[in-house]
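**Q** Residue numbers (the numbering used here): 82 to 518.
Quick reminder that beta carbons are idealized off the backbone N, C-alpha and C, glycines included.
Note that this is a predicted model, so its numbers are computed, not measured.
Shown below is the structure under consideration.
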Amino acid sequence: MSASIRVHSSDRDSLLGQRLGLFVHWGLYAINGLHEQEQWRYHQDRETYRHLAERFDPRGFDPDAWVQMARSVGMEYLVVTAKHHDGWCLWDTRLTAFNSMRAPCGRDLIAEIAAACRRGGLRMGLYYSVVDWHHPAYPNQGRHHELPAQAEDTPDMPRYVDFVKAQVEELVTRYGEIASWFWDMNVPQWQDPSVNAIIRQHQPGCIINDRGFGPGDLGSAEREYHPGIMAQRRFSAPTEHCTSVGRWSWGYKADEDYFSAKHLRYLVAGVLGKGGNELLNIGPDAEGRIPRQAQRLLGDLGTWYKTVQEAFRGTEPASHLTTNEDVLLTRRGRSLFVILHREPAAAGIPLLPLAMEPMAATLLNDGRPVDWLFNRLPMAEAPVTAKHLRLRQLPLELAAVEPLVVRLDFGQDLRLPQETTPNNSSQSAGSPTDMNA
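Here's what the structure looks like:
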């Protein structure tokens with residue numbers, strides 16, 4: 082694990098080094114195949130939606146197949162929706178009858194997923210929505226992702242928070258290690274440190290995001306909704322970005338418009354190259370099966386990712402070493418990784434002001450050597466007398482399909498002038514000093 086992600090403790094930081102995870106949105110909404118927020122977006126009354134529970138019987142559900150799919154991509158953790166906004170629970174909770182044990186399937190689905198993760202060597206995280214469209218104490222007021230006020234409800238946020246605490250305690254004490262906790266939609270921004278404290282008490286190694294009852298450990302970004310965060314060349318804080326394989330829904334959508342494999346590959350390269358984690362979502366159908374198109378996309382992503390993952394696992398972001406915004410850099414030891422997170426317009430990539438020659442340059446995508454030059458470039462932003470490193474003859478036809486990743490191996494470590502310490506302030510560009518400062 083790189084120094085840049087040792088920010089909490091060894092256990093809580095470990096997930097930050099496991100850069101790619103599978104997000105799973107699954108629940109009653111898979112039955113109609115419309116959207117995971119079907120009840121809210123399609124203006125369904127509670128009684129109509131509640132009857133979906135009478136039909137939930139996923140006989141094709143095989144959690145080992147989910148885990149195997151994730152592992153085949155190179156993913157190292159899985160986060161599943163224990164409770165989404167609809168309030169339906171995928172575990173045997175004693176706090177509401179609106180759960181999978183009371184459905185025709187009669188199964189504790191979280192227990193089955195947790196066991197499959199342990200068997201398959203995948204870490205498990207849990208998603209929990211603070212918004213609840215089912216519980217009468219939750220103060221639905223028609224705010225973002227809330228139902229309008231319901232006549233039969235008795236809004237009482239302190240009582241609802243007690244309900245949440247009791248459910249959290251169930252989840253963090255029954256299912257073994259919980260590696261991450263994904264809060265969502267704390268609409269009233271109710272702050273209560275005692276909620277996260279329950280997770281800390283029972284799961285001290287669990288990393289918690291920033292969408293719940295306190296600041297948490299991990300910043301979150303979603304789809305294209307946080308352009309300021311995503312514009313950074315290095316995330317200023319530990320960050321997990323999440324997106325889905327399709328445009329419209331996180332849950333199963335029968336007529337989903339899926340993204341291209343190229344789009345997902347470039348997105349993952351951009352997030353991981355900035356030091357973040359990517360949580361890529363799929364929505365299993367009502368039978369519990371991953372849609373075929375989603376499987377194909379995950380397979381295509383894995384074909385690329387497994388060839389280049391050394392540029393992301395155990396590395397630290399280093400994009401400050403170049404002014405070229407068309408690339409991101411990561412580094413580990415004497416290796417510098419050049420990640421073309423945007424499809425290049427030319428086969429040559431200057432790495433100004435990098436002024437040191439590598440011993441070797443290798444395209445990780447297919448293992449071929451990469452041509453490079455170390456010479457003067459007629460650029461206005463750099464003195465023409467200075468020599469700089471430039472990669473050449475990169476395969477544009479391959480870049481049209483997937484992000485290129487080049488490993489540069491140096492014979493000795495380096496530090497650029499802007500990284501020098503007071504004791505080394507007189508060093509010039511290209512001086513052979515520590516690359517991992």
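If we ignore side chains and look at the alpha-carbon of each, how far apart do Asp-145 and Arg-152 end up?
**A** Looking up residue 145 in the sequence shown gives position 64. Looking up residue 152 in the sequence shown gives position 71. Going from the Cα of Asp-145 to the Cα of Arg-152 covers about 10 angstroms.
**Q** Smallest Cα separation from Asn-113: which of Leu-97, His-225, Asp-336, Trp-385?
**A** Counting from 1 along the sequence shown, the entry for residue 113 is found at position 32. The option with the nearest alpha carbon to Asn-113 is Asp-336.
**Q** Is the Cβ-Cβ distance between Val-148 and Gly-201 less than 9 angstroms?
**A** Looking up residue 148 in the sequence shown gives position 67. Looking up residue 201 in the sequence shown gives position 120. Yes; because the gap between Cβ atoms is below 9 angstroms, this pair is in contact.
**Q** CA-CA distance, Gly-187 and Ser-181?
**A** Indexing the sequence shown from 1 puts residue 187 at position 106. Indexing the sequence shown from 1 puts residue 181 at position 100. One C-alpha to the other measures close to 6 angstroms.
**Q** Using only the alpha-carbon positions, how far apart do Val-211 and Asp-338 sit?
**A** By one-based count along the sequence shown, residue 211 stands at place 130. By one-based count along the sequence shown, residue 338 stands at place 257. Cα to Cα, Val-211 sits roughly 28 angstroms from Asp-338.
**Q** Let's see if you can read the secondary structure: which residues bound the alpha helix (DSSP H) around Phe-244?
**A** Translated into positions along the sequence shown, residue 244 becomes position 163. Counting along the chain, the alpha helix (DSSP H) containing Phe-244 begins and ends at 238-255.
**Q** Whose C-beta lies closer than 7 angstroms to the C-beta of Thr-235 among residues of the same chain, with five residues either side of it excluded?
**A** Here residue 235 refers to the residue found at position 154 of the sequence shown. Once the five neighbours on either side are set aside, the close Cβ partners of Thr-235 are Pro-217, Ala-218.
**Q** To the nearest angstrom, how far is the alpha carbon of Ala-436 from that of Leu-417?
**A** Here the question's residue 436 lines up with position 355 in the sequence shown. Here the question's residue 417 lines up with position 336 in the sequence shown. The alpha-carbon atoms of Ala-436 and Leu-417 are separated by roughly 13 angstroms.
**Q** Check the DSSP bridge columns for Pro-450 and list the partner residues they point to.
**A** The residue given as residue 450 occupies position 369 in the sequence shown. In the DSSP output, where bridge partners are listed per residue, Pro-450 has Thr-443.
**Q** Please determine, among Val-408, Leu-207, Val-389, the residue with the shortest C-alpha to C-alpha distance to Arg-315.
**A** Position 234 of the sequence shown, counted from the start, is the residue given in the question as residue 315. Answer by Cα proximity: Val-408.
**Q** Can you look up Trp-264 in the DSSP assignment and give me helix, strand or coil?
**A** Along the sequence shown, one-based indexing puts residue 264 at 183. Reduced to three states, the DSSP call for Trp-264 is strand.
**Q** Let me confirm a value: His-322 is counted as buried when at least 16 other C-beta atoms fall within 10 Å, else exposed. Which label applies?
**A** As a working note, residue 322 is residue 241 in the sequence shown. When all chains shown are included, His-322 counts as buried.
**Q** Taking C-alpha atoms, which residue in Val-105, Asp-452, Asp-298 lies nearest to Leu-171?
**A** As a working note, residue 171 is residue 90 in the sequence shown. Closest option to Leu-171, Cα to Cα, is Val-105.
**Q** Is the CB-CB distance between Pro-439 and Phe-491 below 9 angstroms?
**A** Taking the sequence shown and counting its residues from 1, one reaches residue 439 at position 358. Taking the sequence shown and counting its residues from 1, one reaches residue 491 at position 410. In contact: Pro-439 and Phe-491 (Cβ atoms closer than 9 angstroms).
**Q** So, at 7 angstroms on beta carbons, what are the nonlocal neighbours of Asp-92 in its own chain, with the 5 sequence-adjacent residues on each side left out?
**A** Locating residue 92 in the sequence shown gives position 11, counting from the first residue. Excluding positions up to five away in sequence, the list reads Pro-285, Gly-286.
**Q** Check the DSSP bridge columns for Arg-413 and list the partner residues they point to.
**A** The residue you call residue 413 lines up with position 332 of the sequence shown. Answer by DSSP bridge pairing, in chain order: Ser-416.
**Q** Which value, in whole angstroms, describes the spacing of the CA atoms of Tyr-333 and His-116?
**A** Looking up residue 333 in the sequence shown gives position 252. Looking up residue 116 in the sequence shown gives position 35. Distance between the alpha carbons of Tyr-333 and His-116: 7 angstroms.
**Q** Three or more beta-carbon pairs under 8 angstroms between the stretch 465-477 and the stretch 417-429, yes or no?
**A** Yes, since at least three Cβ pairs between the stretch 465-477 and the stretch 417-429 fall closer than 8 angstroms, the two stretches touch.
**Q** Between which two residues does the beta strand (DSSP E) containing Arg-370 stretch?
**A** If you number the sequence shown from 1, residue 370 lands on position 289. Segment: none, Arg-370 is in no beta strand (DSSP E) and carries neither H nor E.
**Q** Which value, in whole angstroms, describes the spacing of the CA atoms of Asp-298 and Leu-454?
**A** Counting from one through the sequence shown, the residue named residue 298 turns up at place 217. Counting from one through the sequence shown, the residue named residue 454 turns up at place 373. Their backbone Cα atoms lie some 43 angstroms apart in a straight line.
**Q** If you reduce the DSSP assignment to three classes, tell me which class Asn-113 lands in.
**A** In the sequence shown, the residue the question calls residue 113 occupies position 32. In the structure shown, Asn-113 sits in coil (DSSP, three-state: anything other than H, G, I, E or B).
**Q** Does the stretch 231-246 come close enough to the stretch 269-285 that 3 or more CB-CB pairs lie under 8 angstroms?
**A** Output reads yes: the stretch 231-246 touches the stretch 269-285.
**Q** Using the rule of at least 16 other Cβ atoms within 10 Å of the residue's Cβ for burial, across every protein chain shown, is Trp-329 buried or exposed?
**A** In the sequence shown, the residue the question calls residue 329 occupies position 248. Result: exposed.
**Q** Okay, do the stretch 396-405 and the stretch 368-384 touch, 3+ Cβ pairs below 8 angstroms being the bar?
**A** Cβ pair count under 8 angstroms is below three, so no.
**Q** Of the residues Met-205, Glu-305, Tyr-110, which one's Cα is nearest the Cα of His-165?
**A** Here residue 165 is taken as the residue at index 84 of the sequence shown, counted from 1. His-165 has its Cα closest to that of Tyr-110, out of Met-205, Glu-305, Tyr-110.
**Q** Which complete beta strand (DSSP E) runs does the stretch 285-350 hold, if anything under 3 residues is left out?
**A** The stretch 285-350 contains these whole beta strand (DSSP E) runs: 300-303, 320-325.
**Q** Enumerated in chain order, which unbroken segments of the beta strand (DSSP E) with a length of 3 residues or greater are wholly contained in the stretch 158-201?
**A** With a minimum length of 3 residues, the continuous beta strand (DSSP E) runs that stay inside the stretch 158-201 are 158-164.
**Q** Contact defined as beta carbons within less than 8 angstroms: I believe Ile-310 pairs with Ala-302. What is the distance between those atoms, to the nearest angstrom?
**A** Translated into the one-based positions of the sequence shown, residue 310 becomes position 229. Translated into the one-based positions of the sequence shown, residue 302 becomes position 221. With a Cβ gap of about 5 angstroms, Ile-310 and Ala-302 count as contacting.
**Q** Jot down the residue ranges of each uninterrupted alpha helix (DSSP H) in the stretch 463-497, minimum 4 residues, whole runs only, in chain order.
**A** The stretch 463-497 contains these whole alpha helix (DSSP H) runs: 477-480.
**Q** In three-state DSSP terms, what is Tyr-208?
**A** Position 127 of the sequence shown, counted from the first residue, corresponds to residue 208. Strand, per DSSP.
**Q** Could you tell me the distance, in whole angstroms, from the CA atom of Asp-94 to the CA atom of Arg-100?
**A** As a working mapping, residue 94 is identified with position 13 in the sequence shown. As a working mapping, residue 100 is identified with position 19 in the sequence shown. Straight-line Cα distance between these residues: approximately 11 angstroms.
**Q** Going by C-alpha distance, which of Trp-107, Trp-214, Tyr-209 is nearest Tyr-130?
**A** By one-based count along the sequence shown, residue 130 stands at place 49. Per the Cα distances, Trp-214.
**Q** Within this structure, are the beta carbons of Ser-325 and Gly-354 separated by less than 9 angstroms?
**A** As a first step, residue 325 must be located in the sequence shown, where it is residue number 244. As a first step, residue 354 must be located in the sequence shown, where it is residue number 273. No, these two residues do not count as a Cβ contact at 9 angstroms.
**Q** Report the rounded CA-to-CA distance for Gln-120 versus Pro-269, giving the unit in angstroms.
**A** The count along the sequence shown starts at 1 and reaches residue 120 at position 39. The count along the sequence shown starts at 1 and reaches residue 269 at position 188. Approximately 20 angstroms, taken between the alpha carbons.
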